[in-house]
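Visitor: This is the structure, below, for whatever I ask next.
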Amino acid sequence: MRWERGHVTEAFTPDFYLPDLNLYVELTTLKSSLTAEKNRKMRLLKELYPEVNVIMLKKRDYLRLLAKYGYGPLSPDQVPDIDRVLITATKLQQRVGELGAQISRDYAGKEPVLIGVLRGVICFISDLMRHISVPSAVDLMAISSYEGNGAGAVRILKDIDENIKGRDVLLVEDIVDTGMTLNHVIDYLQTKRPASIRVCTLLDKRARRIVNVPLDYVAFEIPDEFVVGYGLDFHQRFRNLPFIAVLKHELLP
Ligand code: IMP
């Protein structure tokens, strides 16, 4: 950008080049004390190379782009809590569609009852049921883990409304971690004498399994990380994210 006696004395050296788009990307923190200097550099760049399209994206523009391409909506105060996106919205939708098709084939000629365990399952079950083409019923139950007794027993806060005796149940879960919750829910549902119970989970954190419960349908196996989004929460936050993200480790107890 500036030369003295044949030597370059001021240059612009972008951090990335995206060849497919012929696009250079410079990431910078705009310290207020440096704003005037950076604006001067931008002006000079535009003057010297009018054929180059130079655009400055501010943080809010960047967040808007994230939202537009399926990584949002992240409010600026949520961004610092997220370590990385593990499963994008596009991948979630694609995989849920595949599972729905598979379930529809497996239950051909039957009329399953989908049972979701609140609240983490809300996004998954509502997307999944729309990809299931066989006639089916949907019901929801809510449970809470007993805390402090170490046995990992669960208490039923809201029971199912459907009578499932003699019917084919598809239990839909958000995530299977130790397997304790699922194990108790299955035992409980068995007492209502359904014809069959199969399990469909969005996420399988297999590395942490304590109770070995058979899973019939798994959308994604994930590493041993605490994840949020697409229904899953951390202190009731992040359920509204349309993707699955890993929470920053330092936020966890
Ligand atoms: P489990 O009984 O240990 O298998 O735990 C299952 C329940 O723990 C899930 O239904 C979630 O509510 C919660 N859980 C486990 N891992 C995560 C996670 O990574 N993010 C959010 N919730 C989780």
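For the sequence shown, our numbering gives the first residue as 47, with consecutive numbering after it. Every residue, glycine too, gets a C-beta built ideally from N, C-alpha and C.
Count Cβ pairs between the region 286-294 and the region 232-243 that sit closer than 8 Å; are there 3 or more?
Guide: No, because fewer than three Cβ pairs between the region 286-294 and the region 232-243 fall closer than 8 Å, the two stretches do not touch.
Visitor: Beta-carbon separation of residue 237 and residue 221 under 9 Å?
Guide: Going by C-beta atoms, residue 237 is not nearer than 9 Å to residue 221.
Visitor: Does the beta-carbon of residue 264, which I'm using as the reference point, lie nearer than 8 Å to any heavy atom of the ligand IMP?
Guide: Not under cutoff, so the answer is no.
Visitor: Is residue 146 helix, strand or coil by DSSP?
Guide: Residue 146 falls in the helix class under three-state DSSP.
Visitor: Where does residue 190 fall in DSSP's three states?
Guide: Residue 190 falls in the strand class under three-state DSSP.
Visitor: Secondary structure at residue 230, three-state DSSP: helix, strand or coil?
Guide: In the structure shown, residue 230 sits in a helix (DSSP, three-state: H, G or I).
Visitor: In the DSSP assignment, what are the bridge partners of residue 266?
Guide: Note: residue 266 sits in a beta bridge opposite 249.
Visitor: Just to confirm, are residue 188 and residue 160 a CB contact at a threshold of 9 Å?
Guide: For residue 188 and residue 160, no; Cβs fall outside 9 Å.
Visitor: Report the three-state DSSP secondary structure of residue 78 (helix, strand or coil).
Guide: DSSP places residue 78 in helix when its eight states are reduced to three.
Visitor: Can you grab the Cα-Cα spacing for the pair residue 274 / residue 146, in whole Å?
Guide: Their Cα atoms are separated by approximately 22 Å.
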